[in-house]
Amino acid sequence: MLDVGDTVPDVGLKDADGADFTLARYRGKPLVVYFYPKADTPGCTNEAKDFTALGADFAALGVPVVGISKDKPARLKKFAEKYGLTVTLASDEPGDMCEAFGTWVEKSLYGRKYMGIERATFLVGADGKILRVWPKVKVKGHAAEVLEAGRAL
């Protein structure tokens, strides 16, 4: 997994409308990038809702928030509309960004091993270097903790 001081990779993503973009569009300002396993599942929904609820606070700091999963853009759009999400949701359907960040990992559930996205968040500086990493995120209170770190910039 990428760590503090590493440069954010510039891998292609799609937004919820299917348009191409990279995280380089945010260079020059701090950024929160969070990875989540799957849209419209309980933990992922709560995390996205929490970041959305604090969206005005992040905006006041000039810190955009981007959530990344391997869901297709159409699923992301439906997810955002269903819950009124205002954070930017990005599709990494091929998994290149997950691989680059090191969030595509082997997981285990009831003894069964499988590959999946580890819920993780990265606070990125204006220069594109990672300032803080939250691996294996527990959703409750997480967005508020990230906001506090953003305030300390």
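Just so you know, we're using UniProt numbering here: the sequence shown kicks off at 1 and counts up by one.
Yeah, the Cβ is synthetic: ideal placement off N, Cα and C, and Gly gets one too.
Throw me the rounded Cβ distance for the residue i and residue j pair, which I believe falls under 8 Å.
i	j	result
lysine 107	glycine 95	14 Å between Cβ atoms; not a contact.
threonine 88	proline 64	7 Å
alanine 39	serine 69	6 Å
glycine 150	leucine 123	7 Å
proline 135	alanine 152	So it is not a contact: roughly 19 Å between Cβ atoms.
lysine 113	threonine 7	The Cβ separation is near 31 Å, so there is no contact.
leucine 54	leucine 147	5 Å
aspartate 50	alanine 143	4 Å
According to DSSP, is residue i part of a helix, a strand, or is it coil?
i	result
alanine 90	strand
methionine 97	helix
aspartate 20	strand
tyrosine 110	coil
glycine 67	strand
leucine 76	helix
glycine 43	helix
arginine 25	helix
I'd like the span of the beta strand (DSSP E) that includes residue i, first residue to last.
i	result
lysine 136	It is not in any beta strand (DSSP E) - lysine 136 carries neither H nor E in the DSSP assignment.
glycine 150	Not the beta strand (DSSP E): glycine 150 falls in the alpha helix (DSSP H), residues 142 to 151.
lysine 14	13 to 15
Hey, is residue i's beta-carbon within less than 9 Å of any beta-carbon in chain B?
i	result
leucine 89	Among the chains of the structure shown, chain B does not appear; only one protein chain is present.
Going by DSSP, what residue range makes up the alpha helix (DSSP H) through residue i?
i	result
leucine 61	55 to 61
lysine 72	Run containing lysine 72: none; DSSP gives neither H nor E here.
Check the DSSP bridge columns for residue i and list the partner residues they point to.
i	result
alanine 120	Phe35
lysine 129	Thr7
methionine 115	Glu106
Under the criterion of a Cβ to heavy atom distance below 8 Å, does residue i qualify as lining the ligand SAH?
i	result
alanine 24	The model on display carries no ligand, and the ligand SAH is accordingly not part of it.
Next item on the list: Answer yes if the stretch 57 to 73 comes into contact with the stretch 27 to 36, meaning at least three C-beta pairs across the two stretches below 8 Å, and no otherwise.
Entry: Yes, the stretch 27 to 36 is in contact with the stretch 57 to 73.
Check: Do the stretch 38 to 54 and the stretch 8 to 27 touch if we need at least three Cβ pairs shorter than 8 Å?
Finding: Short answer: they don't touch.
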